[in-house]
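In order, the protein sequence lines correspond to chains A and B.
Quick note on numbering: the first sequence equals residues 28 to 212 in the numbering used here.
Quick note on numbering: the second sequence equals residues 28 to 212 in the numbering used here.
Inspection log for the structure reproduced underneath, given as structure tokens.
Number of protein chains: 2
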Amino acid sequence: MTARRSDATRAAILDAARDRFAADGYERATIRAIARDARIDPSMVMRYFGSKEGLFAAAVALDLRLPDLAPVPREEVGRTLVGHFVDLWEENDELTAVLRVGATNEAGAKRMQGIFREQLLPVARQVCPDPEQVPARAALCAAQLLGLALTRYVLRLAPARALHREELVAWLGPTVQRYLTAPSP
Amino acid sequence: MTARRSDATRAAILDAARDRFAADGYERATIRAIARDARIDPSMVMRYFGSKEGLFAAAVALDLRLPDLAPVPREEVGRTLVGHFVDLWEENDELTAVLRVGATNEAGAKRMQGIFREQLLPVARQVCPDPEQVPARAALCAAQLLGLALTRYVLRLAPARALHREELVAWLGPTVQRYLTAPSP
DNA sequence: GGCGTTGGTCAACGCTTGTTGGCAACGGTA
DNA sequence: TACCGTTGCCAACAAGCGTTGACCAACGCC
Numbered sequence: 028m029t030a031r032r033s034d035a036t037r038a039a040i041l042d043a044a045r046d047r048f049a050a051d052g053y054e055r056a057t058i059r060a061i062a063r064d065a066r067i068d069p070s071m072v073m074r075y076f077g078s079k080e081g082l083f084a085a086a087v088a089l090d091l092r093l094p095d096l097a098p099v100p101r102e103e104v105g106r107t108l109v110g111h112f113v114d115l116w117e118e119n120d121e122l123t124a125v126l127r128v129g130a131t132n133e134a135g136a137k138r139m140q141g142i143f144r145e146q147l148l149p150v151a152r153q154v155c156p157d158p159e160q161v162p163a164r165a166a167l168c169a170a171q172l173l174g175l176a177l178t179r180y181v182l183r184l185a186p187a188r189a190l191h192r193e194e195l196v197a198w199l200g201p202t203v204q205r206y207l208t209a210p211s212p
Numbered sequence: 028m029t030a031r032r033s034d035a036t037r038a039a040i041l042d043a044a045r046d047r048f049a050a051d052g053y054e055r056a057t058i059r060a061i062a063r064d065a066r067i068d069p070s071m072v073m074r075y076f077g078s079k080e081g082l083f084a085a086a087v088a089l090d091l092r093l094p095d096l097a098p099v100p101r102e103e104v105g106r107t108l109v110g111h112f113v114d115l116w117e118e119n120d121e122l123t124a125v126l127r128v129g130a131t132n133e134a135g136a137k138r139m140q141g142i143f144r145e146q147l148l149p150v151a152r153q154v155c156p157d158p159e160q161v162p163a164r165a166a167l168c169a170a171q172l173l174g175l176a177l178t179r180y181v182l183r184l185a186p187a188r189a190l191h192r193e194e195l196v197a198w199l200g201p202t203v204q205r206y207l208t209a210p211s212p
């Protein structure tokens, strides 16, 4: 597949879309604003992505890039996961976009459910003792990790923003560790 | 102050507004839809509440009704708080409304920050050992508790919905307990 | 009985939204 | 050079939004 001239435009639109969705959520991120950011006509967005929903689907194809936990010492999985998430969240705002849209939009919530099912569940299966408890334990982890993202990047609570990476790992690591590996309470 | 005839209408509007804000978030919850639910003309909403922002402010005047933790045994504060939150969330959708709007709307986020500052912080101050650490520890609790609400009521992850009250208290109680009272890691 | 206050409807306003179709310039190919 | 698919802009559309003001019906007081 040779590179087309329009690829740059496509990429610019996707970039602008990610920023707007992350900053404004689904409804307030208008096609016109995205087009303006990408220095392009709104009708181009339609031609390339069909509709606003199509644009959103193309813009946030989220890959959590979760690490393989097999080689990680068993008592380190919690800290490893928390560290990975903090890094991921700090370095791009795609996650904030999915989270924000997931909170407003039914399609966004569905997408978040898919990410949970296809990316977090398998990892939890690697380390959970009882296979039957995997969904519940993974859900508890999701609650803690997404809750951090929510308070830190969406609601922007000052004390949540002030915590450093190492502090977060130290506080949340044991929690995730317990949710994944501790015997049921 | 005697009861006016319009109080019933006012209440109907507020009820409908809470439902819509909780279900749809700020932007998609239109004044017209709220008025339709309340079987009233959209212009009445404006007359009584001035604007859409005014309506939102009046609809969700959120009081968490957090319990006084002084008489609670020190090792039970985590479980007590988690139980209280689960109850609160189950019995009305005002919280879902604030959370959802907080995720879309700048004013909503501000309101959430206010709730954190004026309602959660004082309670944390009651049980935290070091006053200087109170904001950080309260933020960690907020992350865990709001994360639960997010996955359970907004994103509607199936495994998060499946957990019962006692399970949630048993899993999250120790986490909140640790965030509030354990020595810094 | 007249009259101001209150509770409510109706129609319209100006604006923004997602979306569409036509039309002009470009670029490689024959 | 002539051609045709690609890339882009422009103007418009129907619909929906928050908001406004004119108007009507019922009530309570003199």
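Backbone N, C-alpha and C fix where the C-beta goes; we use that ideal spot for every residue, glycine too.
Residue contact check for B/PHE76 against chain A: no CB pair falls below 9 angstroms.
Within chain B, the residues LEU182 have their CB atoms less than 7 angstroms from the CB of A/MET139, given in chain order. Those residues of the segment 126-155 of chain B placed with their C-beta closer than 7 angstroms to a C-beta in chain A are ARG127, GLY129, ALA130, THR131, ALA136, MET139, GLN140 and PHE143, ordered along the chain. Counting only the Cα atoms, B/ALA187 lies some 7 angstroms from A/LEU167. By alpha-carbon distance to B/ALA85, the top candidate from B/VAL125, B/ARG59 and B/ASN119 is B/VAL125. Membership of B/ALA197 in the alpha helix (DSSP H) is indicated by the continuous run 192-208. Interface residue (Cβ-Cβ distance to chain A less than 9 angstroms): B/GLY105 is not classified as such. Contacts with chain B at 9 angstroms (Cβ-Cβ) do not include A/THR36. Around the beta-carbon of A/ARG127, 16 or more other beta-carbon atoms lie within 10 Å, marking it buried. For A/PRO210, the closest Cβ of chain B is not nearer than 9 angstroms. Exposure of B/GLY141 is indicated by the presence of fewer than 16 other C-beta atoms within 10 angstroms of its C-beta. By the Cβ-count criterion, A/GLY129 is buried, with 16 or more other Cβ atoms from all chains shown falling within 10 Å of its own Cβ. Within 7 angstroms of the CB of B/LEU167, the CB atoms of chain A belong to TRP198, in sequence order along the chain. Annotated three-state conformation of A/ARG31 is coil, per DSSP.
Under the DSSP assignment, B/GLU117 falls in the alpha helix (DSSP H) whose first and last residues are 104-118. Under the three-state reduction of DSSP output, A/SER70 falls in the helix class.
Residue environment analysis places A/ASN132 among the buried positions, since at least 16 neighbouring C-beta atoms fall within 10 angstroms of its C-beta.
About 17 angstroms separates the CB atoms of B/GLN171 and B/LEU96; that is not less than 8 angstroms, and the two are not in contact. Of all C-beta pairs linking the segment 31-48 of chain B to the segment 58-66 of chain B, three or more are shorter than 8 angstroms, placing the two stretches in contact.
In the three-state reduction of the DSSP assignment, B/CYS155 falls in the coil class. Cβ contact annotation for A/GLN160 (same chain, cutoff 8 angstroms, sequence separation greater than five): SER211, in chain order. Close CB contacts of A/PRO94 within its chain, under the 7 angstroms cut and outside five residues either way in sequence, are with THR107 and HIS111 (chain order). The C-alpha of A/GLU102 is placed about 32 angstroms away from the C-alpha of B/LEU147. In the structure shown, the three-state DSSP call for B/ASP95 is coil. The continuous alpha helix (DSSP H) containing A/PRO162 extends over residues 161-176. Chain A places no beta carbon closer than 9 angstroms to that of B/GLY110, leaving this residue out of the contacts. For B/GLU80, no Cβ of chain A is located within less than 9 angstroms of the residue's own Cβ. Closest by C-alpha distance to A/VAL109, out of A/GLU193, A/ALA209 and A/THR208, is A/GLU193. Chain-ordered, the chain B residues with CB closer than 9 angstroms to the CB of A/GLU54 read GLY52, TYR53, GLU54, ARG55 and THR131. Spanning the alpha carbons of B/SER70 and B/PHE76 requires a straight line of approximately 10 angstroms.
When secondary structure is reduced to three states using DSSP, B/THR57 falls in the coil class, being assigned neither helix nor strand.
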